[in-house]
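Single-structure report; data block below.
Residue numbers (the numbering used here): 231 to 297.
Below, the structure is given as C-alpha cells:
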C-alpha cells in the first residue's frame, strides 16, 4: 500500500500499516493451507511503489461460521 512520501506523507499511515498487518496475520491464520499456485506466474510492478499485479493463490475454503 502506498502512503505517499515527502510533504505528501499520509498522517494515518502508521495506523493503516498496523491494521493491515493484523488483517494479513488473521487471514494467514484462518487459511492454513494457503500457497502460491505458480511462483513463475507472480507479476511484479516496480514504479513509484512496488506492487504485485498478479498473485495466483490456492487454499481450501472454510464453511461459513466454521473455525
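Virtual Cβ for every residue (Gly too), placed ideally from N, Cα, C.
When you compare the CB positions of residue i and residue j, do they come within less than 7 Å of one another, or not?
i           : j           : result
residue 275 : residue 288 : no
residue 291 : residue 268 : no
According to DSSP, what are the bridge partners of residue i?
i           : result
residue 276 : 280
residue 241 : Paired residues: none, contrary to the question.
Which same chain residues, not among the five before or five after residue i, have their C-beta less than 8 Å away from its C-beta?
i           : result
residue 258 : 264
So residue i packs on residue j, CB below 8 Å; how close in whole Å?
i           : j           : result
residue 272 : residue 266 : 7 Å
Residues in the same chain with beta-carbon distance under 7 Å from residue i, minus the five sequence neighbours each way, listed in chain order, please.
i           : result
residue 237 : none
residue 308 : There is simply no residue 308 to check, as the chain begins at 231 and stops at 297 in what is shown.
residue 245 : none
Among the residues of its own chain, which have a CB less than 6 Å from the CB of residue i, if the five just before and after it don't count?
i           : result
residue 261 : 289
residue 281 : 275
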